[in-house]
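In what follows, a single structure is set out as structure tokens and then discussed.
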């Protein structure tokens, strides 16, 4: 049975336009959300997303399907973002407060306030992480990529991803412990890193 990557690779050899449409339909929302989180605003995220899919379309004929499509597209998006930051003289991403717009699935107002406050605290702590740690957290936890997919997207070894995640979790635990309203917050440790 062919994987999505192999199917996309085969489709790209037959019909590049159809392959591009399929790629955009399946991955646009996740790539946009990833870039929105990194760039800090809708306009830049939309521009970076467009650049990502434009570059992906150019690279589709050479995509061999050896990695997952998600990690391949996230890798392109990540490199587009890094290039954009360098070109604009940015050394750090701008603060992002998109999480204030998120709504909780909880129905009670008390639960919504608690979850919103906790989310705000966690996202603020994540935004204070070093760039490499923050981007690793975004890919693995927010975009739900596997360790291998995160490594592929960032162009690093899986062991580097594991190390960065461990560093990020340790740093987040310290930051959350220092937050005045987060004394009861404990970050769950993944089963295996």
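In this note's numbering, the protein residues as written are 144 to 336.
From the three backbone atoms N, C-alpha and C, an ideal C-beta is built for every residue, glycine too.
In this text the structure is predicted, and so the values were computed from the model without any measurement.
- About 12 Å separates the beta carbons of residue 281 and residue 304, which is beyond the 8 Å limit, so they are not a contact pair.
- Secondary structure of residue 253 (DSSP, three-state): helix.
- Each residue's CA atom was taken as its position, placing residue 265 and residue 319 some 7 Å apart.
- At the C-beta level, residue 288 and residue 217 come within 8 Å of one another.
- The segment 145-162 and the segment 198-213 touch, with no fewer than 3 CB-CB distances between them shorter than 8 Å.
- Taking C-beta atoms under 8 Å as the contact rule, residue 276 and residue 311 qualify, at a distance of about 4 Å.
- In the assembly as shown, residue 164 is an exposed residue. Its beta-carbon has fewer than 16 other beta-carbons within 10 Å.
- Residue 292 carries a helical assignment under DSSP once its states are collapsed to helix, strand and coil.
- If you check the CB distance, residue 159 and residue 195 do not come in under 8 Å.
- DSSP places residue 299 outside both helix and strand once states are collapsed to three, so it counts as coil.
- The beta carbon of residue 300 sits closer than 8 Å to those of 294, all from its chain and outside the five residues before and after it, given in chain order.
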